[in-house]
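Inspection log for the structure reproduced underneath, given as structure tokens.
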Amino acid sequence: MKPFVARLRGLFMSKRKVSDRQRIAYVFVFPYALMFFIFIVVPVAAAIGLAFTYFDTVRTPYFVGFENFINILTSDVEFMQYVIPNTLKYAVIVGPGGYILSFLLAWLLAQLTPKVRTVLALIIYSPSLTAGVTMAVLWKVIFAGDETGYLNMFLMNIGAINEPIAWLTSKEYLMPIMIGVTLWSSMGVGFLAMLAGILNVNQDLYEAGYIDGIKNKFQEMIYITIPTIKPQMLFGAVMAIVGTFGASGIGVALSGSNPTPQYAGQLIVNHIEFFGFTKYEMGYAAALSVILLLVVYAVSRFAFRLFGSKDE
Amino acid sequence: MKPPSKRRRSKFQATKINPSRFHPVQLRYLAVLLPISLVMLLPLLFIFNHAFKPFEELFAFPPRFLVKNPTMANFRNLFALTGTSGIPMSRYLFNSLVVTAVVIVVSILIATLAGYALSKLNFRGKKTLNEINTIALMFVGVAVTIPRYLVIETLGLIDSFWIHILPYLAVPVGLFLVKQFIDQIPNELLDAARIDGANEWQIFGKIVVPLIKPAIATIMILSFQTVWNSADTSATYINTDALKTFAFYMGTLTTNTNPVAGQGMAAAASLIMFVPNLVIFIFLQSKVIDTMAHSGIK
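Protein chains in written order, with numbering that gives the first Met the number 0: chain D, 0 to 311; chain G, 0 to 297.
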């Protein structure tokens with residue numbers, strides 16, 4: 000039996016009104032759909048199309064089949080030697096690392112009283128507000144390569160080093176600094192989602208859990224908190240994956256050059272921009288973009304399998 | 000003395016998740032969180048201090064972390080500075096304010112409208128749009144910089160003010176969050192309004208929008224952060240200096256101007272860039288947390 004109100008609706012509304020509502024739905028959706036289509040769907044489709052062409056931005060692109068992909072896999076020395084290992088290292092540490100850190104911090108914060116929690120949550124979230132632009136001033140001054148750099152000064156004072164180290168242009172240190180800075184700013188929207196999720200878990204579940212033999216906070220987290228906030232965990236995971244690959248311009252921002260010194264911080268996004276905007280090999284760059292999008296999508300699907308609900 | 004059962008419950012109130020009052024157990028968590036918070040805070044503290052340092056402190060050797068004699072000189076220099084192109088800083092600031100305001104208003108409007116239609120109305124292609132939008136959550140913008148450039152070039156938007164606005168209007172995460180919120184509104188409520196004679200626009204404006212204010216606040220913050228901090232658009236698509244934004248201009252301070260005088264101004268500028276982010280977030284944070292409780296993907 001239909002609910003009462005729905006039946007009333009049937010009585011009061013003619014067929015014409017219902018189709019009016021369909022028409023207005025299109026009006027409501029149209030502006031978003033249009034912008035979404037032009038600036039997200041079309042570029043992705045164009046990337047896929049261009050990936051199979053040779054295009055130098057001057058002449059008309061012509062079809063080359065899988066040549067770009069074959070070249071990426073067989074003859075792109077920098078890609079194989081630096082970009083892939085760098086991207087893997089960066090993504091494996093920053094992605095899961097930042098994600099686990101976000102969850103643990105959110106969980107710890109949830110154990111505190113509201114006022115203290117709000118202040119600390121604000122502090123922990125705030126680095127993610129310092130996107131791109133503050134980077135130059137902040138990190139370049141701290142990691143400056145001469146003795147006026149704060150880190151050099153500090154290390155020389157405590158006697159750890161004798162000579163200043165050129166942090167941002169050195170092969171050894173650029174990558175760890177990139178990872179550190181990204182982790183520092185990785186408590187973003189996903190972190191807030193998990194915090195909100197944990198705070199919203201029904202308290203009765205914990206009490207029931209203790210009756211069923213849960214002994215400590217760790218078991219509580221594994222057996223009750225995480226399964227209950229799976230949807231937020233998934234949202235956080237997707238945000239972490241996208242954030243990891245999206246923030247990867249950081250090496251170029253810190254070192255001030257693309258390619259980064261000795262390819263030390265060269266990630267796939269930098270490689271794409273280098274080929275696209277410096278060498279104008281748009282087809283090749285597009286093929287790299289497609290590979291990146293596929294990787295992000297595959298990793299996200301993995302997260303969906305881990306945290307997605309069964310009926311999906 | 001309280002009866003034992005009551006005492007146990009009172010202890011539970013203070014040691015459970017989201018406790019209502021302080022209990023010594025919480026010190027353990029604080030012991031971990033406080034040092035981490037300090038590390039998180041240090042660079043921000045640095046931005047605040049650096050911006051107010053007088054010339055000799057900026058280049059003092061050894062460098063000092065905290066400011067000793069705060070001065071507004073960096074801010075004065077910044078506002079007085081006219082770039083090589085003869086355009087005052089206020090022009091860039093004005094551009095950024097206009098762009099940010101327009102993007103926030105329009106992106107919220109189109110995301111809430113679309114969210115309402117996706118959640119509560121029926122139309123063909125609804126399921127497809129919903130699924131594509133969920134996939135688009137995983138979309139990494141930087142990956143398609145190049146095809147995006149070609150699309151924008153084709154549309155004739157290079158060196159146009161619109162390019163600051165149009166690409167930022169569709170925010171998949173925003174639509175996603177709004178839809179999650181509207182899904183929670185009972186259909187009966189909307190039907191009751193329909194019986195009372197309200198049309199869809201009235202239902203949207205008078206019922207839906209007030210109920211999803213937390214989600215709107217969240218899109219506001221997300222849009223603000225993206226647009227206000229975006230320097231790439233100016234660098235990539237805009238040639239006319241008068242059309243560039245404050246974030247871009249800020250980035251040029253460290254590279255183009257005299258590195259000595261530039262550093263103080265860059266520090267002041269980065270503070271000006273950062274503070275609005277912080278203020279808006281502080282005001283809206285409770286709403287954001289509220290939204291995020293509904294943010295899960297099922």
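Glycine included, C-beta positions come from ideal geometry on N, C-alpha and C.
Asked, Found
"Along chain G, in chain order, which residues have C-beta atoms closer than 8 Å to that of TRP183/D?", "VAL38, MET39 and PRO42"
"Output yes if chain D places a C-beta closer than 7 Å to the C-beta of MET219/G; else output no.", "no"
"Name, please, each residue of chain D whose Cβ falls closer than 9 Å to the Cβ of THR144/G.", "PRO42, VAL268, ILE271, GLU272, GLY275, PHE276, ALA284 and SER288"
"I want to verify the contact list: residues of chain D whose CB lies under 8 Å from the CB of GLU55/G, in sequence order.", "Chain D residues near GLU55/G: none, gap ~13 Å exceeds 8 Å."
"Less than 7 Å between the C-beta atoms of SER299/D and VAL237/D, yes or no?", "yes"
"Expressed to the nearest angstrom, what Euclidean distance is found between the alpha-carbon atoms of SER125/D and MET39/G?", "8 Å"
"With 7 Å as the threshold, decide whether the Cβ of GLY261/G is near any Cβ in chain D.", "no"
"Hey, quick one: how far does the alpha helix (DSSP H) through PHE45/G stretch, first residue to last?", "25-50"
"Would you check if there are 3 or more beta carbon pairs closer than 8 Å linking the stretch 272-283 of chain D to the stretch 49-58 of chain D?", "yes"
"Examine chain G for any beta-carbon lying closer than 7 Å to the beta-carbon of TYR149/D, and answer yes or no.", "yes"
"Answer yes or no: does any C-beta atom of chain D fall closer than 7 Å to that of PHE160/G?", "no"
"Should LYS88/D be listed as close to the ligand FAD, given that the test is whether its C-beta is under 6 Å from any heavy atom?", "In terms of ligand content, the structure shown is empty, and the ligand FAD therefore cannot be addressed."
"Runs of 4 residues minimum, wholly inside the stretch 135-190 of chain G: which ones carry the alpha helix (DSSP H) assignment?", "144-153 and 171-182"
"GLU77/D to LEU121/D, Cα distance in whole Å?", "41 Å"
"Which of the residues in the stretch 271-285 of chain G, read from start to end, lie with their CB under 7 Å from any CB of chain D?", "MET272, PHE273, ASN276, LEU277, PHE280, ILE281 and GLN284"
"Once you ignore the five residues that flank ASP55/D on each side, which residues in its own chain have a CB closer than 6 Å to its CB?", "TYR279"
"How about PHE306/D and LEU233/D: do their beta carbons lie closer than 7 Å?", "yes"
"Any idea if THR232/G is buried or exposed, counting beta-carbon neighbours within 10 angstroms, 16 or more meaning buried?", "buried"
"Suppose only complete runs of 3+ residues qualify. What are the beta strand (DSSP E) ranges in the stretch 35-96 of chain D, listed by chain order?", "none"
"List, in chain order, every chain G residue whose beta-carbon is nearer than 7 Å to that of SER299/D.", "MET137"
"Decide if the stretch 34-43 of chain D is in contact with the stretch 140-156 of chain G; the criterion is three or more beta carbon pairs, one per stretch, under 8 Å apart.", "yes"
"How big is the Cα-Cα spacing for PHE223/G and ILE103/G?", "7 Å"
"If you measure between the beta carbons of ASN48/G and ASP158/G, is that distance less than 7 Å?", "no"
"Cα-Cα, which of THR73/D, ALA45/D, VAL241/D and LEU72/D is closest to PRO60/D?", "ALA45/D"
"Can you look up PRO87/G in the DSSP assignment and give me helix, strand or coil?", "strand"
"Whole angstroms are fine: how far does the CA of TRP106/D sit from the CA of LYS216/D?", "10 Å"
"Is the beta carbon of ARG174/G sitting closer than 7 Å to the one on ALA110/G?", "Rather than Arg, the amino acid found at residue 174/G in this sequence is Leu. Taking 7 Å as the Cβ cut-off, LEU174/G and ALA110/G qualify as a contacting pair."
"What's the call for GLU56/G, buried or exposed, on a 16-neighbour Cβ count within 10 Å?", "buried"
"Give the straight-line distance between the Cα atoms of ILE151/G and ILE160/D, rounded to the nearest whole angstrom.", "50 Å"
"How is the alpha helix (DSSP H) around LYS229/D delimited, first residue to last?", "229-245"
"What residues from chain D crowd round SER233/G, counting only those whose CB sits closer than 7 Å?", "By Cβ distance, chain D contributes nothing, its closest Cβ being about 11 Å from SER233/G, past 7 Å."
"Does any C-beta atom of chain G lie closer than 7 Å to the C-beta of THR259/D?", "no"
"For my contact list, LYS119/G and LEU189/G are in at a C-beta cut-off of 8 Å; report their separation, rounded to the angstrom.", "6 Å"
"Report the option in LEU191/D, VAL28/D, PHE244/D and SER169/D whose CA atom is closest to the CA atom of TYR296/D.", "PHE244/D"
"Is the Cβ of TYR28/G closer than 7 Å to any Cβ of chain D?", "yes"
"Give, in chain order, every residue of the stretch 85-108 of chain G whose Cβ lies closer than 7 Å to some Cβ of chain D.", "none"
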